[in-house]
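Per this note's numbering, the sequence shown runs over residues 10 to 279.
Where a beta carbon is used, it is the ideal one built from N, C-alpha and C, also for glycine.
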Amino acid sequence: MSKLLVKANKGHGRVAHVTPQIAGWTYVGFDLHRLKPGESASGKTDDREVCLVFVTGKGKATAGGRDLGLLGERMSPFEGKPWSVYVPEGSDWSVTADTELELAVCSAPGLGGGLPVRVIRPEDLGQEVRGKGTNTRYVTNVLPEGKPADSLLVVEVITPGGHTSSYPPHKHDQDNLPAESYLEETYYHRLNPPQGFAFQRVYTDADKNGHRALDEAMAIEDGDVVLVPKGYHPCAACHGYDLYYLNVMAGPKRTWKFHNAPEHEWLMKA
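Following this line, the structure appears as structure tokens:
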């Protein structure tokens, strides 16, 4: 199995756990909690900031000493927009499930920005359609560049069955602004219906001898997490199975500037 593929536990509790130390990088952390009604997840942000994304279900949340009430709405990631909570560094948070709940904990270094806890409501979120034809996908910006945070960028994407996504292949692994930013990235994948599968390839440019320092192709199942430390990272959803993914990105500068694979850039104009 690829070292970039993290298989989520099928039970309850914390079912996926990615830290910078586990991933072998510097910035991005990702946990996934699957809770039954009455079960809780909690944490301390310490020197990191966190975005809690209610992927599915409802729960009572507190953060930074504030009671945020009952949050969450949708029961499937393929319907509507999520509720989320931004939690700055130096804060506690907790969520107690009111229904079956899937809670993503996205984290990255805090930079002393002094930002407050805030609830991010579905009506606060922008949506856009990217691509055309069988490269069409639907994007919900949970914590985009234009909204306050120190390091985190968080986005949801739904790719219909038979379509490609994160395509044409692009990368963001060079700290070379304004042309390209360095961002580590995780993909949390869901499939509808859940017995389906999709594919993701993570690869770097070939050298003059055709050798790639990284080239991994993975079959993605419902609940899988993929690590993208560098390189291009396109996805393909198989016919009959829609693909959802939650992206977490962070790096030394909070901006998303990507570089398209030159040999495939013609697709942008086709």
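Item	Value
Which residue from Phe-267, Thr-28, Gly-66, Asn-150 puts its Cα closest to that of Asp-182?	Phe-267
To which residues of the same chain is Glu-225 closer than 6 Å at the C-beta, ignoring the five residues directly before and after it?	Ser-11, Leu-13, Val-211
At 3 residues or longer, and completely inside the stretch 60-139: list those beta strand (DSSP E) runs for me, N to C.	68-72, 75-80, 92-96, 101-106, 110-118, 127-129, 135-139
Using only alpha-carbon positions, find the residue among Asp-159, Tyr-176, Pro-131, Gly-240 that is nearest to Trp-275.	Tyr-176
Going by alpha carbons, who is nearest to His-21 out of His-220, Ala-222, Ser-85, Glu-109?	Glu-109
Starting from the C-beta of Gly-260, find all residues in its chain whose C-beta is less than 7 Å away, skip the five residues before and the five after it, and write them out in chain order.	Tyr-36, Ser-190, Tyr-191, Leu-192, Glu-193
Alpha carbon to alpha carbon, how far is Leu-134 from Arg-199?	20 Å
Nearest to Gly-38 by alpha carbon, out of Val-163, Asp-214, Glu-137, Leu-80?	Val-163
Within 7 Å: the Cβ of Ile-31 and any heavy atom of the ligand COA?	In terms of ligand content, the structure shown is empty, and the ligand COA therefore cannot be addressed.
Check whether the stretch 93-106 and the stretch 69-80 are in contact - that is, three or more C-beta pairs closer than 8 Å.	yes
Which residue's Cα is closest to the Cα of Gly-68: Asp-55, Lys-278, Glu-82, Arg-57?	Glu-82
Out of curiosity, what's the CA-to-CA distance linking Arg-43 and Leu-112?	6 Å
With which residues is Asn-150 paired in a DSSP beta bridge?	Gly-135, Val-164
Report buried or exposed for Arg-221, applying the criterion of at least 16 other Cβ atoms within 10 angstroms of its Cβ.	exposed
From this set, Leu-186, Arg-263, Val-24, which residue's C-alpha is nearest Gly-155's C-alpha?	Arg-263
If contacts are defined as beta-carbon pairs under 8 Å, then Pro-203 and Asp-233 qualify, I think. What distance do you get, rounded to the angstrom?	Not really, about 11 Å apart at Cβ, beyond 8 Å.
According to DSSP, Tyr-36 sits in a beta bridge with which residue or residues?	According to DSSP, Tyr-36 bridges with nothing at all.
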